[in-house]
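> Protein chains in written order, with my numbering: chain A, 2 to 317; chain B, 33 to 738; chain C, 3 to 301. Ideal placement from N, C-alpha and C gives every residue a C-beta, glycine not left out. Computed from a prediction, not measured in an experiment: that's the story for all the values here.
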Amino acid sequence: MLSFIVRRLGFMVLTLILASLLIFAATQILPGDVATMVLGRFATEQALDNFRGEMGLNRSLVVQYGDWLFSFVQGDWGESLSTRADVRDLVLERLRNSAMLALVAFVMYVPLGIVLGVVAAIRRNSWVDHVISVGSLAFIGLPEFVTGLLLIAVFALRLDWFPSSSAIPPDAAFFDRHTLERLVLPALTISLVSLAYIARMTRSSTVEVLGMDYVRTAYLKGLSRSRVIGRHVLRNALLPTVTVVAIGIGWLIGGLIVTESLFGFPGIGRLLLFGIQRRDLPLIQATTMVIVVIFTMANLLADILYGYLNPRIRFR
Amino acid sequence: MATTTETTTGRGSRNVLEIEGLSVAYRTEEGDIFPVRDVSLTIGKGESFGLVGESGSGKSTLAMGAIRYLPANGRVTAGRVLLSGRDLLSLSGKEMRSVWGSRVAVVYQSPGNALNPSIRTGNQIAEVARIHLGMSKQEAHQRMLEMLEKVKMPDPESVARRYPHQLSGGMLQRCVVAQAMVTNPELLILDEPTTALDVTTQAVVLDLVAELKQEFDSAILYITHDLGVVARVCDRVGVMYAGEFMEQGAIRHLFKRPLHPYTLNLLGCVPHFSLGPRRKTLNTIPGFIPRLDELPEGCIFAPRCSLAEPECRVAQPPLVRAGEDHLTACRRWPVVPTPAEHMDTITADLMQARGEAENRLLEARDVKKYYPVPAQGPFRKDKRKVKSVDGMTIWIDEGRTLGLVGESGSGKTTMARTIIGLVEPTEGTISLRGEVLGPTTRSRTRDVLRRIQMVFQNPDASLNPRQTVGQSIGRPLALFGTPRGEIPGRVLELLEAVHLSPSYYRRLPSELSGGEKQRVAIARAFAAEPDLILCDEPIASLDVSVQGSLMNLLTTLQAEKGTSYLFISHDLSAVQHLSDWVCVAYLGCAMEWGDAGDVLNPPYHPYTEALLSAIPIPDPDVIQKNIRLEGSVPSAVDIPPGCRFHTRCPRFIGDICVEEEPPWREGEGDHWIYCHHTFETLVEMQKETLRLADHDHGSPGVEVQV
Amino acid sequence: MSASVDTATATPVPTRRSRGETLRLYGRRLLRQPIATVGTVVFIIFLLMALFGPWIAPYGFEEQSIPDRLQSPTLQHPFGTDNFGRDVFSRIVVGARGIFLLGGTGTILAVMMGTTVGLISGYFGGLLDEILMRLLDVLLSIPSLLLALVLLGTVGPSLLNLILVVAVLYIPMIARVVRSVVLDLKTKEFVEAARIRGERDSYVLFREILPNALPPLLVEASMRFSYSIFLVASLGFLGLGVQPPSPDWGLQINEARNYLESAPWMLAFPALAISLLVVGTNLMSDGLRRVLQPGREDS
């Protein structure tokens, strides 16, 4: 088991290094001349030169990359080009907000998705299954900005239960009514796609397990249906769900970007969009790296959890 | 449909299971089909009933229907099932649950899948005791250990703590049996419990079943396709065909004097040692099992029966009593020939007059194939090797067959793959007619590639699902230089040679049965006009009646074309039937080899002796030596030192076996044994057990076999 | 009993089907799933819209008419008009073209590249496979919308860039699917039989392996296409998709945000179009999976 974790850690570090290279390439090499990109096509040669000097763009790309990665690892994420603020403070503050939003969504969709998936599998081919399966297939196809706007139209504008904008102050305290009620609609918006995804995946793994010989054994041992499902099916069916949930975090992040922008929520996704609109390279690089690190860690965690829960890996 | 409910009855003791006129239906896209129709049987207390049939005969459906465990689209449409007098079909779902696991227990084919991978085996067994016997956790734990001891599990405490993936197939099957016997059920259903196991493991599990019969008084319903297994463990037997019983009776009656042509034919399909000289044709049954939606009128076997007369096709014959404890569904049973008469009519002698001096065709010398052990971590390179083949030498003469026998892990398949160049040998050379061949297909010339062909085990994977039969057979022709215009003609010739009609030319593999696919694969191999064909378990996955016809086909084609075979099999009877020479392999190394007649007659290598004694022979009168191998095959990573068989050898001498590699001892004629025992001591020892067996069973005229 | 040889031609075995029957079986299987059939029909309608949009649309998509702005649906403007008085229906019909152009071309590119990578990686294995797979892992370690935004944010959202980004995002998934199919097929006996005959790698890859990899590839591609619609629309909504004044559903919805109460049709119809197309495509690919790979539940 230890060697399993060590190997996964090794892969994660390798992936992160390559990903940082990719991000660096996408932001600093791909666009051609960075100075022109940031300052615009009509900047004077003098201004461009100054900018290049300031940003260290005259050095070789290898040096630039090494320097950038080194500073990033050390916690020096640079200064925002557009606001002159320290990128690290900015990113961490917004990350806190996004984490809160994601957490609220996560607690909503993961358990519900699993329950729906298991129920659909157990009642396979019944109307319950059809409703859940077709419903999840439909929700997987609804972009967040569509569901978000529909939710706003119904729950904010028509019923006036929740505010339509979630533009809380970036440093707002969380556990007060004002903030929490502004989290409900965005959290709901993000949840729907992931909910559908988890329900579908859970259903298919449960259906697979239900067809296994050992389930037949369990029934023929005279166990009640609830005991067969609870003790013999779920344990094995939910194992792959661990990985599914981790992969689903990728969806969640995509959802965050769109939803935050739609609701005006001060999170990391909106910060990224802001950075992209202002062509604020340090900001883009830092946000992207932070998100990639989190996503990769979540996957690593899922891998380890999977290995721990699965005796076939634990006792190899 | 006949309405007879006549059944043979057991030893007169109380009946545990009585099935009367049971019919089962499955709902399908094209309407209902009936895989089991109006079937009756009874099993007495302490009695074991063998339910035999080929795939599609409905034997498992019958058992599962009787205990009401059918898939969602299945249902019982008629009949009565009494378990100790209680009607199972009238029970509620809840009542049925209290029957399952406590009064009826089921064990089936692959033990690896029958246990939950994420629960410790001990807990799974104890669960039954807790639910049905109302035991506390401690009591259930005790009961579980007791049961594991009853099934002769070594070190029950530690086995109980392990997860299924940490146990071998034989151990798993014991756990499943232990789980089944916890409540001392009235009825134990065993559904092909040994089919997934190696012969020697199978023998141990069969012994276990026989012992359980002594210890518990459960009625046993034993479902299998293997007549030999039935003869070994059952008291009575029922032969099923397409959802109906053809014949039922005590095994002695039924095997000695089958009174239904189907049974007679099935027995004739299997090569067995008492059959006499090699190279006789095996029996075959023309045609196929009928589709359940197109059942013939009258007797369902009539379309394939040589005894059938017009009346047979009019009304379905009922099961009639044809002797004490013997029922048959054949209306012409008085004229069914005896097995001996039957054999005389079918065994055309295929043995060609064979010249003595033969040329050596292929020689594989000191072949080793080591694989690296997969690394467990980035910094921990495992330097050990998986020694799949560990120094094997074989040769094959022109026009002859070498049979390579061994259980899983013996390296026989790797050997074939090395010979043909699919894997590169770690050491050793392969030469064809004295010319040393390149280690892989890439390094061999087109002509060499042409001269060695292969037929694989799995018929479903050996043909490209997207290519027609014509394309599959035509490709090697085109590749090896047949002019384009002549290809279709040649393909048709080849189809004819494997007894397939020209209509198969345009068919896709999904439209063929398993046996037909194997015929196409054989035709494809012969298309290259090879000198040698490697047959890797080509019949293992087929029904017995199809196995027979494929073995006949291989024999005829060899006689016609003079092609040599390397015939790889775990089935000693098939090897004995087809081979001129035999090589017995264990753990990547040959143990004994030589002329088939010499190898398969005493003296044997102790491993060969154990293998032979493990084969179930479909003749209840044959007494076999009771030699069983303990434990399981050691890992090919840590091969035992000295003689690699010493850890399981029933003829173990002592330190010498552990410390020194045995010598190759040469016997008379062409016969070599890799053992520390001399030929003389082996003869002496093996004579002794033979006498013992003889003594046990005194009756004259009984054939004493291995 | 008839001896020695048997001719295997007598009666048909239960599993045997002729090829015509197999095709009809596929058709029956599809029709037995009314939901998948509906999905396919929806997909085809949108495809026709994309092909013939300009001829179907009653107005030019850029045709502004300030006096007619924010009109609710009428016979002249079945889906109403937007804040510039443009016909919403016409913009949706013509917008379909952009979605299919971007998503479709991007997916096709991804299928071509991904299949190549998957075939090579799976068939040849070894170090090359290891390297390729690590690189794909890196692409997969960045959430797809994030990667798309970063790439488009720096290189700019031109049509070509959008197509390339869609392709880059989906190459890893397609390559993985193809690779896993190849790994499975590679050990199949019919492929080994080809190697034993000494067939060239190209023959083995393209004649023995690829045809058998097509069904799962087709299913995967249709799934990817539905995701790409989702992605392209999301990018449009975020302002990094097709640039105005070209019609784009995501962009249309973004513009509708300010008129949620006064002109709900500005949101409703483009939203309906996106949902219908994505859900329709999903249902279709789900149906395809069941028809082409029966017995296999979801991916």
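1) So, at 8 Å on beta carbons, what are the nonlocal neighbours of A:VAL246 in its own chain, with the 5 sequence-adjacent residues on each side left out?
2) Please state whether DSSP places B:TYR706 in a helix, a strand or coil.
3) Please name the residue or residues paired with A:GLY270 in a DSSP beta bridge.
4) If you follow the alpha helix (DSSP H) that C:MET135 is part of, which residue opens it and which one closes it?
5) Would you report the Cα separation of C:ASN163 and C:LEU148, rounded to the nearest angstrom?
6) Should B:ASN13 be flagged as near chain A, meaning a C-beta pair shorter than 7 Å?
7) Roughly how many whole angstroms lie between the Cα atoms of B:CYS621 and B:GLY435?
8) Pull up the DSSP beta-bridge partners for B:ASN155, would you.
9) Determine the contact status of B:HIS358 and B:GLY281, defining contact as a CB-CB distance below 7 Å.
10) Taking the alpha carbon of A:ALA154 as the point to measure from, which residue in C:SER277, C:LEU269, C:ASN284, C:LEU285 has its own alpha carbon closest?
11) Look at the alpha carbon of A:ILE141 and the alpha carbon of A:ILE258, and state the distance between them as a whole number of angstroms.
12) Grab me the residues of C:GLN245's own chain with a C-beta within less than 7 Å of its C-beta, minus the 5 sequence neighbours each way, in chain order.
13) Do the CB positions of A:VAL185 and A:PHE163 come within less than 7 Å of each other?
14) Is C:LEU166 close to chain F, meaning its C-beta is less than 7 Å from at least one C-beta of that chain?
15) Measure the C-alpha to C-alpha separation of B:LEU339 and B:CYS331 and round it to an integer number of angstroms.
16) In this structure, does DSSP put B:GLN489 in helix, strand or coil?
17) Could you tell me the distance, in whole angstroms, from the CA atom of C:ARG292 to the CA atom of C:LEU274?
18) Exposed or buried, what is B:GLN246 when buried is set at 16 or more other beta-carbons lying within 10 Å of its beta-carbon?
19) Rounded to a whole number of angstroms, what is the C-alpha to C-alpha distance between C:GLY87 and A:GLY231?
20) To which residues does DSSP link B:PHE81 through a beta bridge?
21) How many angstroms separate the CA atom of C:TYR205 from the CA atom of B:SER542?
22) What residue from A:ASP172, A:LEU143, A:HIS179, A:LEU151 has the CA that sits closest to A:TRP252's CA?
23) Tell me whether the segment 255-266 of chain C and the segment 173-182 of chain C touch, counting them as touching only if at least three CB pairs, one residue from each stretch, are closer than 8 Å.
24) Grab the span of the beta strand (DSSP E) containing B:CYS689 for me, first residue to last.
25) Report the partner residues of B:GLY76 according to the DSSP bridge assignment.
26) Which residues mark the beginning and the end of the beta strand (DSSP E) in which B:PRO404 is found?
27) Taking the beta strand (DSSP E) that B:TRP625 falls in, what are its first and last residues?
28) Nearest-angstrom Cα distance between B:MET213 and B:ILE649?
29) With 16 as the cutoff for other CB atoms within 10 Å, does B:GLN141 come out buried or exposed?
30) Give the straight-line distance between the Cα atoms of B:LEU298 and B:VAL530, rounded to the nearest whole angstrom.
31) In whole angstroms, give me the CA-to-CA distance for B:CYS689 and B:HIS678.
32) Does B:SER494 come within less than 7 Å of chain C when only Cβ atoms are used?
33) Going straight from the alpha carbon of A:TRP128 to that of A:GLY118, what length do you get?
34) For the candidate residues C:GLN66, C:THR109, C:THR76, C:VAL43, whose alpha-carbon lies nearest to that of C:PRO249?
35) In three-state terms, what does DSSP make of A:TYR309?
36) For B:ALA389, which residues of its own chain have a beta-carbon under 6 Å away from its beta-carbon, when the five flanking residues on both sides are left out?
With the given structure in hand:
1) VAL111, ILE199, ALA303
2) strand
3) The partner list for A:GLY270 (beta bridge, DSSP) is empty, contrary to what the question assumes.
4) 128-142
5) Spanning the two alpha carbons is a distance of roughly 15 Å.
6) Any property of residue 13 of chain B remains undetermined from this structure, which presents chain B solely from 33 to 738.
7) 15 Å
8) Looking at the DSSP output, B:ASN155 bridges to nothing.
9) Yes, the Cβ-Cβ distance between B:HIS358 and B:GLY281 is below 7 Å.
10) C:LEU269
11) 17 Å
12) Closer than 7 Å at the Cβ level, and outside the excluded window around C:GLN245, lie PRO159.
13) yes
14) Absence of chain F from the displayed structure is noted, the protein chains being A, B and C.
15) 12 Å
16) coil
17) So the two alpha carbons sit approximately 26 Å from each other.
18) exposed
19) Between the C-alpha atoms of C:GLY87 and A:GLY231 there is a straight-line separation of about 59 Å.
20) Paired residues: B:LEU253, B:ARG268.
21) 22 Å
22) A:LEU143
23) Counting Cβ pairs under 8 Å, fewer than three are found: no touch.
24) Counting along the chain, B:CYS689 falls outside any beta strand (DSSP E), though it belongs to the alpha helix (DSSP H) covering 687-691.
25) B:ASN47
26) 392-404
27) 621-627
28) 27 Å
29) Looking at its Cβ environment, which holds 16 or more other Cβ atoms inside 10 Å, B:GLN141 is buried.
30) 22 Å
31) 6 Å
32) yes
33) 14 Å
34) C:GLN66
35) helix
36) Residue placement at B:ALA389 cannot be trusted, given a pLDDT of 48 that sits under 50; what the coordinates show is reported in the next sentence. So the list is empty, once near-sequence residues are dropped.
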